[in-house]
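The structure appears below as structure tokens.
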Amino acid sequence: MLKIELIGFEELKEQYADDEDFAEAWSKVQNCQAAREFHNHEGFLMRVHSATGRSPFSIVYQKVPRHAIDLIKPPKTYKGNAAAESMAKEVQSMQQQVHQMLEAMNAKYKKAADKHRKEQLFSEGDMVMVFLRKERFTV
24 MLKIELIGFE
34 ELKEQYADDE
44 DFAEAWSKVQ
54 NCQAAREFHN
64 HEGFLMRVHS
74 ATGRSPFSIV
84 YQKVPRHAID
94 LIKPPKTYKG
104 NAAAESMAKE
114 VQSMQQQVHQ
124 MLEAMNAKYK
134 KAADKHRKEQ
144 LFSEGDMVMV
154 FLRKERFTV
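Counting in the numbering used here, the sequence shown runs from 24 upward without gaps.
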């Protein structure tokens, strides 16, 4: 079985030993419980966002990079490719799913914010007070 060791990480663990957030994340990583929550990206952990259900990198690139070569842009010449077209369709469908999830989360946030908001109904002829700033009027 392969074992990955991070050089210099022991010192980091000692520095943040009293930090509750670090201890919780470290225990999840040690027990392999955080496989869905964290993704390895060039030595950094990218957390999945709660609103989209995906990491920002996976939204943009459709995968977590395995090598630095995966980050290089392809050449500008294009010679139709069925695999590329199917991938483009997958990207569009995934972006549509992310858009729908963001709209759902925004609706959820709006509902929570509107819970404490008082609805004010005005009818024609009601007296209201309006504050107009000087910037609204030209001299």
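All C-beta atoms, glycine included, are put in the ideal place defined by N, C-alpha and C.
All values derive from a computational prediction rather than experimental measurement.
Quick one: what does DSSP say residue i is sitting in, helix, strand or coil?
{"i": "Glu-147", "result": "coil"}
{"i": "Leu-125", "result": "helix"}
{"i": "Tyr-39", "result": "coil"}
{"i": "Lys-131", "result": "helix"}
{"i": "Val-153", "result": "coil"}
{"i": "Lys-51", "result": "helix"}
{"i": "Phe-160", "result": "coil"}
{"i": "Val-114", "result": "helix"}
Among the residues of its own chain, which have a CB less than 7 Å from the CB of residue i, if the five just before and after it don't count?
{"i": "Gly-76", "result": "Met-124"}
{"i": "Ile-82", "result": "Thr-75, Val-121"}
Which two residues bound the contiguous alpha helix (DSSP H) that contains residue i?
{"i": "Phe-80", "result": "79-84"}
Kindly list the residues whose CB is nearer than 8 Å to the CB of residue i, restricted to its own chain and excluding five residues on each side of it in sequence; keep chain order.
{"i": "Glu-113", "result": "Gln-85"}
Quick one: what's got a C-beta closer than 6 Å to residue i's C-beta in the same chain, skipping five residues either side?
{"i": "Tyr-39", "result": "Phe-45"}
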